[in-house]
Structures are given as structure tokens and as C-alpha cells.
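Residue numbers (the working numbering), protein chains in the order written: chain Y, 15 to 441; chain D, 7 to 113. Heads up, the beta-carbon is just placed ideally off N, CA and C, and yes, glycines get one too. Take a look at the structure below.
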């Protein structure tokens with residue numbers, strides 16, 4: 015018998031060793047954030063600038079959302095750009111730097127000590143994102159096909175670097191004031207560059223490719239995606255200029271541009287969904303599509319906050335806290351909870367079974383985790399999220415606690431399934 | 007399904023095996039998914055050349071799928087030399103899914 019290897023010169027994907035540490039780190043960060051949330055619910059009834067809220071927000075934004083996006087993107091960027099990842103070493107470097115920096119930074123916030131640990135944490139995070147930017151930039155530059163999805167991703171990474179660099183500058187400004195205002199003044203700028211420039215652009219860039227792919231949809235509309243891309247970037251630049259040079263009431267204009275972009279993106283997802291060949295949509299994709307709708311929710315909140323600010327010149331603290339909560343525990347978490355189980359099982363399946371190809375029956379990637387646990391996790395998450403939001407609005411500590419408990423339960427169930435996948439061995 | 011071949015009989019034997027090679031994410035076999043473009047049989051050299059694609063370049067499951075195709079062909083034609091060539095010209099698109107495949111996905 016003559017055994018031949020397939021000729022596959024351009025098929026090698028990013029090794030699992032590069033990607034899996036990011037997933038594990040993100041899962042543990044989600045657990046840590048929900049644990050802190052459970053023990054810090056009282057802080058959520060006070061002003062949003064609280065040490066515990068700052069710590070939880072940064073664990074959620076960096077440890078949870080950014081780390082999992084970094085991990086998944088090292089695997090998905092080659093799919094988007096149809097080219098190889100530039101460097102696995104740079105990917106490992108960005109993981110190590112971020113893995114050290116995030117706990118140091120979060121510890122500094124939790125203790126409200128902007129001294130050495132927080133500053134070193136910030137420096138490590140900036141270096142991690144710089145390594146990531148170089149890796150993604152070089153990968154895109156070397157690929158033969160440039161497309162709208164890759165441009166979304168690259169621009170989002172540029173905004174990420176701006177966000178973390180500004181964050182580090184704000185840390186320094188706490189102890190050595192060198193900016194015109196105190197650091198709290200610049201928080202909306204830091205937060206919105208991160209949320210819109212990094213998370214929104216990145217999620218749209220990747221989702222606009224993956225949703226039609228997972229649904230096997232005929233729909234494709236690069237022109238619409240370019241329009242969305244320019245609307246978001248123009249809106250963000252306008253917001254920055256307004257922040258520095260014009261009264262905040264002008265922020266309604268970029269907010270309207272952003273709402274238009276999100277509505278166009280929801281239209282894009284809807285069209286992809288309707289033109290799909292694959293009729294049966296699994297739970298993971300359903301949860302991710304739900305998060306596309308959830309995108310609109312923070313923008314509505316932002317509009318209300320701005321309108322109230324213009325009318326009364328006061329901030330509504332409950333709305334501000336709810337706004338941040340919806341972004342990190344709502345929109346971003348919903349996407350991650352769904353997409354983890356659309357990506358991680360395949361990475362591990364490939365690791366365990368690709369050498370066993372054709373040698374016997376292998377389980378499906380979907381069999382690597384428990385769908386029952388996934389369903390219970392989704393129920394706990396949706397209930398916990400809704401109860402916590404009610405607790406913020408009314409405001410009521412008796413609602414915040416059970417809401418936080420259900421979110422902690424979500425994190426436990428999520429970790430259970432992630433560890434089940436990571437520990438999978440061939441029978 | 008539009009597979010180019012120079013030997014209809016052997017092509018059908020090869021396909022009967024390839025119907026059992028699945029894309030793990032979609033759950034549909036590579037033939038109905040439209041991934042197999044060409045099966046060329048060289049009786050003198052005792053070799054089979056399979057030209058196929060993936061739903062997307064750099065598909066994370068690509069290596070596994072192509073290895074499965076190689077193994078399947080090798081099992082159907084034990085004394086042949088098998089070569090699987092990946093091509094992205096033309097790029098795969100949803101119109102390449104067979105009627106049977108659409109029926110399966112539409113369930």
C-alpha cells in the first residue's frame with residue numbers, strides 16, 4: 015500500500031499551543047470578575063468611579079474579552095486574510111506580557127493604589143498590545159488578499175493600542191499630574207475608544223465573516239461593510255474632537271452615526287440569516303446573533319445619558335453603571351459565551367484527532383463539551399443579567415446579589431465546559 | 007455536484023468512500039458540500055490525483071479534512087499512489103453544494 019501525504023502548502027493554521035492559553039486565561043478571568051462582582055455588589059449602588067468597579071471592569075475588558083479575542087483572532091485572522099500568522103513567538107510574547115500585566119493592573123485598581131504594581135501592569139499591557147499589533151499588521155501586510163474584514167481587524171488593533179496607551183497615561187496622571195484635567199475627566203475618552211474602536215470594530219469585522227460562514231449563507235455585501243467601517247471610525251474621531259474642543263452635547267452626533275452603523279450591521283446579520291442554506295442554527299450561533307441585537311442596547315443608553323446631561327447638566331449614575339454593565343456583562347459576554355463553543359472545540363478536536371483522520375470513528379467537535387451544561391449556563395446568564403440590570407435601575411441590593419450569584423454560576427458552568435474541552439483525550 | 011473525471015466507474019467507487027468524509031463543523035460530506043473538484047486516474051502510473059478545495063482558505067479543519075480524503079481514497083484503491091491537491095481556484099461558494107446537501111442542511 016502506498017500512503018501519500020496531501021499536498022497542502024498553504025493549509026497550516028496557527029498551532030493550538032499559541033491559542034489555548036488565551037482561552038484558559040480568559041475563562042479564569044471571567045470567574046475572577048464574577049466572584050469579585052458577587053462580593054462587591056454594594057459598590058454598584060454608588061458612583062461608578064469605585065476601586066472595585068474599576069478592577070472588575072478591567073478584568074472583564076482585558077482579562078476576559080481582550081484575552082479571548084486575542085486567542086481567537088490568532089486562529090481566525092489567517093482565515094480572514096487567507097494568509098499565515100506572521101509570528102507564533104510574538105503571539106506567545108503578547109500572551110505572557112498581558113498575563114502578567116492584567117492582574118497587576120487589576121490589583122492596583124482594587125486597592126486603589128496607582129503606584130508600582132498598577133504602573134508595571136499598565137506597561138506590560140501596552141507592550142503586549144504592541145506585540146499583537148506588530149503580529150497582526152505584519153500578517154496582513156504579507157497576505158495576498160486584502161479585504162474589508164482584515165481592515166476592520168487592523169484598525170481595531172490600532173484603536174486598542176491607543177486605548178491602552180491612554181490608560182497608562184491616565185495612571186501616571188494620578189500620581190504625577192501632567193494633563194490639563196484629572197484622570198477621571200478622561201475616563202469617557204479612554205472607555206469609548208476601547209469600546210467602539212477596539213471591541214465594536216473587531217467584533218463587526220470578525221462576525222461579518224463568520225456569521226455567513228457558519229450559517230452557509232449566500233449573502234455578501236462588502237459595500238455595506240465599508241459604509242459601516244467609515245461610520246464607526248468617523249463617529250469615534252468626531253467624539254474625540256468634540257471631547258476636546260466642543261461642548262459634550264455635540265456628542266449626540268457621533269452617537270447617531272454609531273446607531274446608524276449598528277442598525278446597518280444588524281441588517282447585514284439579518285440578511286445573512288435569511289439567505290442561509292443551513293436552516294438549523296445551533297445554540298452557540300443563536301447566542302452570538304442575540305449579542306448583535308444587544309449591541310444596540312448600550313447605544314440607546316448612551317443616547318439617554320447624553321439627552322439627560324444636555325437637559326439637566328447632571329449625570330445619572332445608575333444609568334452610567336448600567337451602561338458599562340450592559341457592554342461588558344451583556345453584549346461582549348454574550349458573544350464570547352456563544353463563540354467559545356464554536357471555536358474552542360474545533361481547535362482541540364484538531365489537536366487530538368487530526369492525526370487519527372480516517373483511522374476510525376471520531377467524535378464530533380460538538381461532543382467535546384456538554385450541551386446540557388451550555389443550555390443551563392445560557393439560562394443562568396440571561397436570568398442573572400436581567401436581574402442585575404433591574405437591581406441597578408431600581409436600585410436594589412436584594413436584586414443585585416442573586417443577579418451576581420447567577421452570573422457567578424454562569425462563569426462556573428462556562429469554566430466547567432472549557433476545562434472539559436481542554437482536557438479532552440482520545441478514547 | 008460537478009466533478010471532473012476521466013474514469014466514471016472508478017470515480018463512483020472513490021465517491022462512495024468520500025461520501026463518508028465529513029466537514030466536522032457543518033456535518034455534511036465533502037462530496038455534497040462541493041469540495042471535490044476533480045478525480046484523475048492514471049492507470050499506467052497507478053496513481054490518483056484528487057483536486058479539492060475547502061470552504062475557506064486556512065480553514066482550521068483543513069488538514070484533518072484533506073487527510074481524511076487521502077485515507078478514504080487509499081482505502082478504496084489500496085495499490086494506487088494518492089495525491090490530494092488543494093486549490094482555491096475557483097473559490098468555494100454556497101452554489102457548489104449539491105441538491106442533496108441543500109436538502110440535508112435545510113432540515
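Practice item. Taking only beta carbons into account, state which residues of the region 27–44 of chain D come closer than 8 Å to chain Y, listed in chain order. Key: From the region 27–44 of chain D, only 27, 30, 31, 32, 33 have a Cβ closer than 8 Å to chain Y.
**Study point:** Interfacial residues, the region 196–221 of chain Y to chain D, with Cβ spacing under 8 Å
**Key:** Residues of the region 196–221 of chain Y with a Cβ closer than 8 Å to any Cβ of chain D: none.
**Study point:** Cutoff 8 Å: residue 156/Y Cβ touching any chain D Cβ
**Key:** Taking CB atoms only, residue 156/Y has no neighbour in chain D less than 8 Å away.
Exercise for review: Please check if any C-beta of chain Y sits within less than 8 Å of the C-beta of residue 21/D.
Suggested key: False, the Cβ-Cβ gap to chain Y never drops below 8 Å.
**Study point:** Residues that residue 291/Y contacts on chain D, provided the C-beta gap is smaller than 9 Å
**Key:** By Cβ distance, chain D contributes 100, 103, 107, 108, 111, 112.
Exercise for review: Look up residue 56/D in the DSSP assignment and say whether it is helix, strand or coil.
Suggested key: Correct three-state label for residue 56/D: strand.
Check your understanding: Between the C-alpha atoms of residue 401/Y and residue 345/Y, what's the straight-line distance to the nearest angstrom?
Key -> Between residue 401/Y and residue 345/Y, the C-alpha separation is close to 16 Å.
Check your understanding: Would you call residue 31/D buried or exposed, if buried means 16 or more other Cβ atoms sit within 10 Å of its Cβ?
Key -> Within 10 angstroms of the beta-carbon of residue 31/D lie 16 or more other beta-carbons, which makes it buried.
Practice item. Under 8 Å Cβ to Cβ from residue 52/D, same chain only, skipping five residues before and after it: list those, please. Key: Here residue 52/D has 85, 86, 87 as same chain residues with Cβ atoms under 8 Å from its own Cβ, once five neighbours each way along the sequence are excluded.
Review point. If you count every other CB in all the chains shown that lies within 10 Å of the CB of residue 64/Y, and 16 or more means buried, which is it?
Key: Buried, since its Cβ has 16 or more Cβ neighbours within 10 Å.
Review point. Closer than 8 Å, CB to CB, is residue 416/Y near chain D or not?
Key: The beta-carbon of residue 416/Y is placed no less than 8 Å from the nearest beta-carbon of chain D.
Review point. Which whole-angstrom value is the C-beta distance of residue 348/Y and residue 304/Y, which I expect to be below 8 Å?
Key: For residue 348/Y against residue 304/Y, the beta-carbon gap comes to about 6 Å, under 8 Å, which counts as contact.
Check your understanding: For residue 233/Y, which three-state DSSP category applies?
Key -> In this structure, residue 233/Y counts as coil in the three-state DSSP scheme.
Check your understanding: Taking just the CA atoms, how far does residue 19/D sit from residue 89/D?
Key -> If I take the Cα positions, the gap works out to 17 Å.
Check your understanding: Whose CA, out of 435/Y, 439/Y, 365/Y, lies closest to the CA of residue 29/Y?
Key -> If we check each option's Cα against that of residue 29/Y, 365/Y comes out closest.
Check your understanding: residue 89/Y touches chain D at which residues, Cβ-Cβ below 8 Å?
Key -> Those are 66, listed as they occur along chain D.
Practice item. Run the CB neighbour count on residue 129/Y, radius 10 Å, all protein chains shown included, and call it buried at 16 or more, exposed below. Key: Residue 129/Y comes out exposed.
Point to revise | the region 98–112 of chain Y touching the region 69–83 of chain D, judged by at least three CB pairs closer than 8 Å | key: Counting Cβ pairs under 8 Å, fewer than three are found: no touch.
Check your understanding: When burial is assigned at 16 or more other CB atoms within 10 Å of the CB, is residue 438/Y buried or exposed?
Key -> Classification of residue 438/Y: buried, given that the 10 Å Cβ count is 16 or more.
Exercise for review: List the residues that DSSP assigns as beta-bridge partners of residue 28/D.
Suggested key: Its beta-bridge partners are 35/D.
Review point. Which same chain residues, not among the five before or five after residue 351/Y, have their C-beta less than 8 Å away from its C-beta?
Key: By the criterion of a C-beta distance shorter than 8 Å, residue 351/Y is surrounded in its chain by 301, 391, 392, 395, 424, 428, once the five residues flanking it on both sides are discounted.
Exercise for review: Might you give, ordered along the chain, the residues of its own chain that have their beta carbon closer than 7 Å to the beta carbon of residue 126/Y, omitting 5 neighbours on each side?
Suggested key: Same-chain partners within the cutoff: 65.
Check your understanding: So what does DSSP say about residue 243/Y, is it helix, strand or coil?
Key -> DSSP places residue 243/Y in helix when its eight states are reduced to three.
Point to revise | From 216/Y, 183/Y, 93/Y, residue whose alpha carbon lies closest to that of residue 79/Y | key: Comparing Cα positions, the closest option is 216/Y.
Review point. For the putative contact between residue 341/Y and residue 209/Y, defined by C-beta atoms under 8 Å, what is the C-beta separation to the nearest angstrom?
Key: Indeed, because the Cβ distance is near 6 Å, the residues count as touching under 8 Å.
**Study point:** Reduced DSSP secondary structure (H/G/I, E/B, other) of residue 50/D
**Key:** Of the three classes helix, strand and coil, the one that applies to residue 50/D here is coil, per DSSP.
**Study point:** Boundaries (first-last residue) of the beta strand (DSSP E) holding residue 92/D
**Key:** First-last of the beta strand (DSSP E) with residue 92/D: 87–92.
Check your understanding: Per DSSP, what kind of secondary structure is residue 10/D in: helix, strand or coil?
Key -> Of the three classes helix, strand and coil, the one that applies to residue 10/D here is strand, per DSSP.
Check your understanding: Cα separation between residue 19/Y and residue 76/D?
Key -> Low confidence applies to residue 19/Y: its pLDDT is 45, below 50, so where it sits in the model is not reliable, and the reading given next is rough at best. Cα atoms of residue 19/Y and residue 76/D: separation of roughly 7 Å, rounded to the nearest angstrom.
**Study point:** Proximity test, Cβ basis, 8 Å: residue 367/Y and chain D
**Key:** Cβ-Cβ to chain D under 8 Å: yes for residue 367/Y.
Check your understanding: Taking three-plus beta-carbon pairs below 8 Å as touching, is the region 163–179 of chain Y in contact with the region 217–224 of chain Y?
Key -> Counting Cβ pairs under 8 Å, three or more are found: they touch.
Practice item. Determine whether the Cβ of residue 93/D lies closer than 8 Å to any Cβ atom of chain Y. Key: No, residue 93/D lies away from the interface with chain Y (no Cβ there is under 8 Å from its Cβ).
Point to revise | Segments of 4+ residues assigned as alpha helix (DSSP H) that fall wholly inside the region 101–145 of chain Y | key: Runs found: 102–124.
Review point. Considering only C-alpha positions, which residue in the set 440/Y, 422/Y, 441/Y is nearest to residue 42/Y?
Key: The candidate whose alpha carbon is nearest that of residue 42/Y is 422/Y.
Check your understanding: residue 232/Y versus chain D: which residues are under 7 Å apart at the beta carbon?
Key -> Correct list: 100.
Exercise for review: Using 10 angstroms around the beta-carbon of residue 206/Y, count the other beta-carbons present and answer buried if the total reaches 16, otherwise exposed.
Suggested key: With 16 or more Cβ atoms within 10 Å of its Cβ, residue 206/Y is classed as buried.
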